[in-house]
C-alpha cells in the first residue's frame, strides 16, 4: 500500500489569496481537483461529507475531489487557496487508500508555503472567485505546469505534498492486516488503467490467480464493496472527470469509460451521482 502512496503525483492548478464577502455563497459545488484553504481573517462555512465546518482564522481546510459541498460567508473573510490534481496511478486517488482529516490548525510554515506557491506561480491566481468558474478547459490540464523550470516543478510538487500530508491520518482505508490471497492492490491498478475494456469477474480473478468465488469474497472482505460495484464506481468517477474537463460528447465519454450502452451508462450514472450525465455537466457550468 505504501508503495502506491509514495507514487502520488500532484499537479498545481491555481493558488492565490482572496478577500471575500457575503457574495461568496455557492451550493452543490463539485470539482475534479483537490482544494485547500488557509483562513487568515474572518469566518465562513463549508458543508461536505455530511459535516458543517466553520472556516476559522488560523486553520486549514481540505476538500477532496468529487465531493459535493456548499460554501457560505455571512460577512467577510480572507483566505489563501490552492487547487491541484492528485493521482497515484491512472484513475486512482490517494483518498481511496488513506483516511484524512478535513480541518487542521495552521502552522507558521504553512503560511510560508502558500506564499511561496504564489511567488513561483504569480499567474495561477483565479480571476473569478466562483468555484464553478474554476472548471474550464483552459485551466484543467492534468500535469500542466506550463514552461516553468525543473527546479520550480520539483519545488511545487514538494510544497503540495507537504500541505496535503498535514491532513493524512496514519490509517489505511483498506485493512492490510487481513491475511488474504492474491495481490488485490495490483488489481485496483489494473482496473484504473483498463476502464475502457471489459472487466469481468472471471478475468480479474484470473489476473489475481484466484477462483472467481474466492476473488469476489476476498475483494469484498478487504475493500467492503463487490468487484462489479467497484468497477462501476470507478467508471462513473472517471466519467465525472471527463464531463467537467472536456467537451467530449456523452457518447464518447461513455465509450471511454467502458460503458458504451448509453441507456446503461445514464442509469448507472444517475444511480451513483444522483443526476443524469447531461444534468450533472450543465449544473456545474451554470452558476
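Numbering (our numbering), first residue to last: 5 to 291. C-beta: ideal position from N, C-alpha, C; glycine also.
One or two residues paired with residue i in a DSSP bridge
i           : result
residue 165 : None; residue 165 has no bridge partner.
residue 43  : 83
residue 293 : Residue 293 lies beyond the residue range present for the chain, which begins at 5 and ends at 291; the question has no answer from this structure.
residue 63  : 109
residue 18  : 87
residue 99  : Beta-bridge pairing links residue 99 to no other residue.
residue 33  : 73
residue 49  : 58 and 76
residue 13  : 91
residue 38  : 88
residue 172 : 104
Where residue i falls, given that 16 or more other Cβ within 10 Å makes a residue buried
i           : result
residue 126 : exposed
residue 225 : exposed
residue 112 : exposed
residue 117 : buried
residue 160 : buried
residue 103 : exposed
residue 168 : buried
residue 23  : exposed
residue 54  : exposed
Close Cβ partners of residue i (< 7 Å) along its chain, the five nearest in sequence each way excluded
i           : result
residue 145 : For residue 145, the predicted structure reports a pLDDT of 47, less than 50, and the residue's modelled location is therefore unreliable. A value from the coordinates is still provided. Here the set comprises nothing.
residue 229 : none
residue 64  : 40, 41, 42, 108, 110, 114 and 170
residue 220 : 205, 230 and 231
residue 56  : 49
residue 3   : Because the chain spans 5 through 291 in this model, residue 3 falls outside it and cannot be assessed.
residue 241 : 70
residue 282 : 254
Reference residue i; option with closest CA among the options
i           : options               : result
residue 99  : 166, 173, 124 and 117 : 173
residue 66  : 31, 51 and 79         : 51
residue 58  : 119, 121, 107 and 199 : 107
residue 203 : 187, 219, 235 and 193 : 235
residue 79  : 48, 278 and 259       : 48
residue 275 : 249, 286, 255 and 237 : 237
residue 190 : 103, 121 and 208      : 208
residue 30  : 265, 76, 60 and 44    : 76
residue 277 : 61, 119, 13 and 71    : 71
residue 87  : 198, 129, 193 and 268 : 129
residue 21  : 73, 123, 97 and 90    : 123
residue 162 : 196, 187 and 90       : 90
Close beta carbons around residue i, own chain, < 6 Å, minus the five adjacent residues each side
i           : result
residue 257 : 243 and 246
residue 69  : 36, 37 and 38
residue 62  : 110
Min CB distance residue i to chain C below 9 Å
i           : result
residue 124 : Of the chains in the structure shown, none is chain C; there is only one protein chain.
Sequence-distant residues of the same chain with beta carbon closer than 8 Å to residue i, five excluded per side
i           : result
residue 143 : Only weak support exists for where residue 143 lies, its pLDDT of 44 falling under 50; the value from the coordinates is given anyway. Once the five neighbours on either side are set aside, the close Cβ partners of residue 143 are 17 and 18.
residue 201 : 262
Quiz item: Quick one: complete alpha helix (DSSP H) runs, 4+ long, within the segment 240-265?
Solution: 254-260
Quiz item: Which whole runs of the alpha helix (DSSP H) in the segment 184-245 are 4 residues long or more, in chain order?
Solution: 188-197, 205-211 and 216-227
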